[in-house]
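**Q** Using the numbering used here, the first residue of the sequence shown is number 48, and each one after it goes up by one.
Before anything else, here's the structure in question.
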Amino acid sequence: MSKLDELLRELCPDGVQVFRLEEIAHYAKTRIDCKTINEDNYVGVENLLQNKAGKTKATSVPTTGMVIAYQKNDILIGNIRPYLRKVWLADCEGGTNGDVLTVQIEDTEKVLPQFLYYVLSSEKFFLYDIQNSKGAKMPRGSKDAVMKFEVPLPPPEVQREIVRMVDSYTENVVELQKQLTAELTARKTQYRYYRDKMLTFGDDDKFKWENLGDVCDILTGYPFDGSQFQVSGVRLMRGMNIKRGNLFFSEEINRYWNSADGLEKYLLKENDIVIAMDGSLVGKSFGIVQAEYLPLLLVQRVARIRSEQVNNRYIYHYIACRFPSYVEKKKTGGAIPHVSQKDIASFRVPIPSADVQNRIVNVLDNFEKICSDLNIGLPAEIEARQKQYEYYRDKLLTFAETGNTILSRAEQSRAEQSRAEQSRALIKLLQYVFGYAVVTLEDIAENCDSMRKPVTSGKREAGKYPYYGASGIVDYVKDYIFDGDYLLVSEDGANLLARSTPIAFSISGKNWVNNHAHVLKFDCYETRRFVEFYLNSIDLAPYISGGAQPKLNQKNLNRIEIPLPGQKRQKYIVNILDRFDSICNDLTSGLPAEIEARQKQYEYYRDKLLTFKEVAAT
């Protein structure tokens, strides 16, 4: 039973009381002069970040009049477009406006600010807020409805434990994001290095050089009237949809035209290259159109590049490599840097043979796919962990009338399975990119220690099933508790340090294991044997505790790091080591047999040499 379960049963045996928000909090009413605020402490709905990501510095601060004051530990909620899920727990004092709901707690001893923040950042609250909002293009939440939202309020001790648990989940998500982002950055750097090397051509190279406009059709977009934009229809390809080699589409920036009738010329096709012609990132804002984005209409100040003569993906890779530095010399200055259609058409491109183009595209597409897999897969992993975190948070904050709120055994099992699947996916991804992934035993093995059962020698019934301890078979017993393939790892004993015999050994079939050996189950033979060989080869001293009696406890066992290659490489290594193992076993059994045979031969000849014909008696 967890500490939270214990607290709930002790303090809330009959359930958790539910309050309307207006019973425990109110909206801030105090106003302060605009002269007292700045970009750091002013919070408008525009500088609250989406998806509960907090806030950023304000880009616009009112300079006259009065604004609503907020205090540290107030909860600020964006009231325009509630579906953006904007919420922030204030860590300072400052000012805000009427588009931001400022929730102030009546009694912070009874209601912990962090606890209420987690309640008001839950999916349950935002779905409630969205359902009660009004307006089509710019929906606005209902201030009255928000105050009617029901908040489960356990005692402060329970609130503190929930906050501690959710904070822990949050820290894990943040750390994971840092690690995965670092991996992504490293892979992209490697990709750019090889791309640039491959696409570096000298003047003496036997390739024809052409102006981009001579081998490609270059078109700039149609001047759509912004006042006629629609909320649905054919999506428009605008400059803000293009950034650093990628295309971005979201409800915030998407714009639509009612129909493509009469505008067929501006319809984009798969593999079209698009370049934003102005903005702070001009020269760096390009991308390639994928089928999933279509249909798309090209907007003015965006150039479309399409070629029937040259592999369009070769052109795209060369643009990604050399176009930014070219534009840096060509772009005009001023408030909004821009590049002209003429400048784009004058960009020089080396044109190798079609076969060379295709080979370059094949290599660079594969490199890009790796980065794309990372660019999609790793953020997806972050998103999955975030959703998992939110799932647990919402479970912790959902109190049944019976007083129970913790995950059921079935839910716990599903959650653990989900984590295992995510872990396996990430391991495979890293193995694909790097050739191996550094994992812990906890990541790749199921620990079955809870099934172990020691039986003293006096109570054992003799039988045919092996009874295992820390170093192998101790006895044979009448019954079994395990049936299958497992890896046993010594839990205690001097051999953990002396290593006179293996501390990890595989077992199969029906057997019994006592509490002196850890029991691990793996998904496949290759991984089990690889881990067995690895554990028997490394120094385990950093993981061993105890003095007179060395011990490898389950916690330390789980955190042992293993450089795990992909499945194919595991099989290759295990096959080699298995053969060596077999040779050693053959020698172990063969050499004594050979010695024994030679000994018998020696004794035979010795006896012959020492056997003399007796002299006849006279």
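We put the CB at the ideal spot given by N, CA and C, even for glycine.
Keep in mind the model is a prediction, meaning the values are calculated, not measured.
Which value, in whole angstroms, describes the spacing of the CA atoms of LYS377 and ASP390?
**A** If you number the sequence shown from 1, residue 377 lands on position 330. If you number the sequence shown from 1, residue 390 lands on position 343. Their backbone Cα atoms lie some 7 Å apart in a straight line.
**Q** In the DSSP output, what is LYS255 paired with across the bridge?
**A** Numbered from 1 along the sequence shown, position 208 holds the residue referred to as residue 255. LYS255 is bridged to ILE398.
**Q** So the candidates are TYR581, LEU259, HIS563; which of them puts its Cα closest to the Cα of VAL486?
**A** For the purposes of this step, residue 486 is taken as residue 439 along the sequence shown, with counting starting at 1. The candidate whose alpha carbon is nearest that of VAL486 is TYR581.
**Q** Taking the straight line between their C-alpha atoms, what separation do you get for GLY112 and GLY142?
**A** If you number the sequence shown from 1, residue 112 lands on position 65. If you number the sequence shown from 1, residue 142 lands on position 95. GLY112 and GLY142: Cα-Cα distance of roughly 12 Å.
**Q** Starting from ASN26, trace the alpha helix (DSSP H) both ways and give me its first and last residue.
**A** Coverage of the chain is limited to positions 48 through 665, which leaves residue 26 absent and any answer about it impossible.
**Q** Are the beta-carbon atoms belonging to LYS316 and VAL336 less than 8 Å from one another?
**A** For the purposes of this step, residue 316 is identified with residue 269 of the sequence shown, where counting begins at 1. For the purposes of this step, residue 336 is identified with residue 289 of the sequence shown, where counting begins at 1. A contact, by the Cβ cut-off of 8 Å.
**Q** CB VAL114 to CB GLN161, shorter than 8 Å?
**A** As a position in the sequence shown, residue 114 is number 67, starting the count at 1. As a position in the sequence shown, residue 161 is number 114, starting the count at 1. Cβ atoms of VAL114 and GLN161: not closer than 8 Å.
**Q** Do you know whose CA, among LEU544, LYS615, ASN94, LYS618, lies nearest SER584's CA?
**A** Counting from 1 along the sequence shown, the entry for residue 584 is found at position 537. Measuring from the Cα of SER584, the nearest candidate turns out to be LEU544.
**Q** Counting pairs of beta carbons, one from the segment 552-561 and one from the segment 529-538, are three or more of them closer than 8 Å?
**A** With the cut-off at 8 Å, the segment 552-561 and the segment 529-538 touch.
**Q** Is GLY334 buried or exposed, if buried means 16 or more other CB atoms sit within 10 Å of its CB?
**A** In the sequence shown, counting from the first residue as 1, residue 334 sits at position 287. When all chains shown are included, GLY334 counts as buried.
**Q** Under 8 Å between the Cβ atoms of GLY188 and ASN126?
**A** Looking up residue 188 in the sequence shown gives position 141. Looking up residue 126 in the sequence shown gives position 79. Cβ atoms of GLY188 and ASN126: closer than 8 Å.
**Q** Helix, strand or coil, according to DSSP, for GLU608 in the structure here?
**A** Position 561 of the sequence shown, counting from 1, holds the residue named residue 608. Three-state result, GLU608: strand.
**Q** Is GLY125 helix, strand or coil by DSSP?
**A** Translated into the one-based positions of the sequence shown, residue 125 becomes position 78. Residue state, collapsed to three classes: strand.
**Q** Can you tell me the Cα-Cα spacing of CYS59 and PRO201, whole angstroms?
**A** Your numbering for residue 59 matches position 12 in the sequence shown. Your numbering for residue 201 matches position 154 in the sequence shown. Taking the straight line from one Cα to the other gives about 7 Å.
**Q** Is the separation between the beta-carbon of LYS500 and that of GLU573 shorter than 8 Å?
**A** As a position in the sequence shown, residue 500 is number 453, starting the count at 1. As a position in the sequence shown, residue 573 is number 526, starting the count at 1. No. Outside cutoff.
**Q** Can we say the segment 391-398 touches the segment 407-416, given the rule of at least three CB pairs closer than 8 Å?
**A** Result no; under three Cβ-Cβ pairs closer than 8 Å.
**Q** Does the segment 57-73 come close enough to the segment 94-113 that 3 or more CB-CB pairs lie under 8 Å?
**A** With a cut-off of 8 Å, the segment 57-73 and the segment 94-113 do not count as touching, because too few Cβ pairs lie within range.
**Q** How should TYR240 be labelled, buried or exposed, when 16 other C-beta atoms within 10 angstroms of its C-beta is the threshold for buried?
**A** Here residue 240 refers to the residue found at position 193 when the sequence shown is read from its first residue. With fewer than 16 Cβ atoms within 10 Å of its Cβ, TYR240 is classed as exposed.
**Q** Taking all protein chains shown into account, do 16 or more other C-beta atoms lie within 10 angstroms of the C-beta of LEU174, making it buried, or fewer, making it exposed?
**A** Position 127 of the sequence shown, counted from the first residue, corresponds to residue 174. So LEU174 counts as exposed.
**Q** Could you tell me if ALA323 is buried or exposed, where buried requires 16 or more neighbouring beta carbons within 10 angstroms of its beta carbon?
**A** In the sequence shown, the residue the question calls residue 323 occupies position 276. Looking at its Cβ environment, which holds 16 or more other Cβ atoms inside 10 Å, ALA323 is buried.
**Q** Determine the closest residue to GLU257 out of PRO397, LEU68, VAL150, with distance taken between C-alpha atoms.
**A** Residue numbering aside, residue 257 sits at position 210 when the sequence shown is read from its first letter. The option with the nearest alpha carbon to GLU257 is PRO397.
**Q** Suppose you measure from the CA of GLN206 to the CA of ASP214; what does that come to, to the nearest Å?
**A** Against the sequence shown, residue 206 aligns to sequence position 159. Against the sequence shown, residue 214 aligns to sequence position 167. Going from the Cα of GLN206 to the Cα of ASP214 covers about 12 Å.
**Q** Could you say if the segment 557-564 and the segment 589-600 meet the contact criterion of at least three C-beta pairs nearer than 8 Å?
**A** No, because fewer than three Cβ pairs between the segment 557-564 and the segment 589-600 fall closer than 8 Å, the two stretches do not touch.
**Q** Indicate the three-state DSSP secondary structure (helix, strand or coil) for PRO17 in the structure shown.
**A** A query on residue 17 cannot be resolved here, the shown segment of the chain reaching from 48 to 665 and no further.
**Q** Find the nearest neighbour of GLU156 within the set ILE71, SER497, ARG616, judged by alpha-carbon distance.
**A** Here residue 156 is taken as the residue at index 109 of the sequence shown, counted from 1. Among ILE71, SER497, ARG616, the Cα nearest to that of GLU156 is on ILE71.
**Q** Which first and last residues belong to the beta strand (DSSP E) in which GLU197 is found?
**A** Looking up residue 197 in the sequence shown gives position 150. Element bounds for GLU197: 197-199.
**Q** Is there contact between the segment 564-572 and the segment 606-613, where contact requires at least three CB pairs shorter than 8 Å?
**A** Taking 8 Å as the limit for Cβ pairs, the verdict is that the segment 606-613 does not touch the segment 564-572.
**Q** Would you check if there are 3 or more beta carbon pairs closer than 8 Å linking the segment 363-374 to the segment 270-284?
**A** Result no; under three Cβ-Cβ pairs closer than 8 Å.
**Q** Since I believe GLU86 is in contact with VAL108 (beta carbons under 8 Å), could you give me their beta-carbon distance rounded to a whole number of angstroms?
**A** Here residue 108 refers to the residue found at position 61 of the sequence shown. Here residue 86 refers to the residue found at position 39 of the sequence shown. 6 Å between Cβ atoms; contact.
**Q** With distances taken Cα to Cα, identify the nearest neighbour of GLU140 among SER274, PRO186, TYR89.
**A** Here residue 140 is taken as the residue at index 93 of the sequence shown, counted from 1. Ranking the options by Cα distance to GLU140, first place goes to TYR89.
**Q** So who's on the other strand from HIS73, going by DSSP bridges?
**A** Here residue 73 is taken as the residue at index 26 of the sequence shown, counted from 1. According to DSSP, which records beta bridges pairwise, HIS73 is partnered with GLN151.
**Q** Can you confirm whether HIS73, when its beta carbon is compared against all beta carbons of chain B, has any partner nearer than 8 Å?
**A** In the displayed structure, chain B is absent; only one protein chain is listed.
**Q** Where does GLY260 sit, in a helix, a strand or coil, going by DSSP?
**A** Here residue 260 is taken as the residue at index 213 of the sequence shown, counted from 1. Correct three-state label for GLY260: helix.
**Q** Does the Cβ-Cβ distance between LEU159 and PRO203 come in under 8 Å?
**A** Here the question's residue 159 lines up with position 112 in the sequence shown. Here the question's residue 203 lines up with position 156 in the sequence shown. The answer is yes: Cβ separation under 8 Å.
**Q** State the Cα-Cα distance for the pair ASP138 and VAL147, rounded to the nearest angstrom.
**A** Residue 138 sits at position 91 when you count from the first residue of the sequence shown. Residue 147 sits at position 100 when you count from the first residue of the sequence shown. Their backbone Cα atoms lie some 16 Å apart in a straight line.
**Q** Using CA atoms only, rank isn't needed, just tell me which of LYS598, GLN347, LEU604, LYS615 is closest to ILE577.
**A** Residue 577 sits at position 530 when you count from the first residue of the sequence shown. Residue 577 is actually Phe in this sequence, not Ile. Nearest of LYS598, GLN347, LEU604, LYS615 to PHE577, Cα basis: LYS615.
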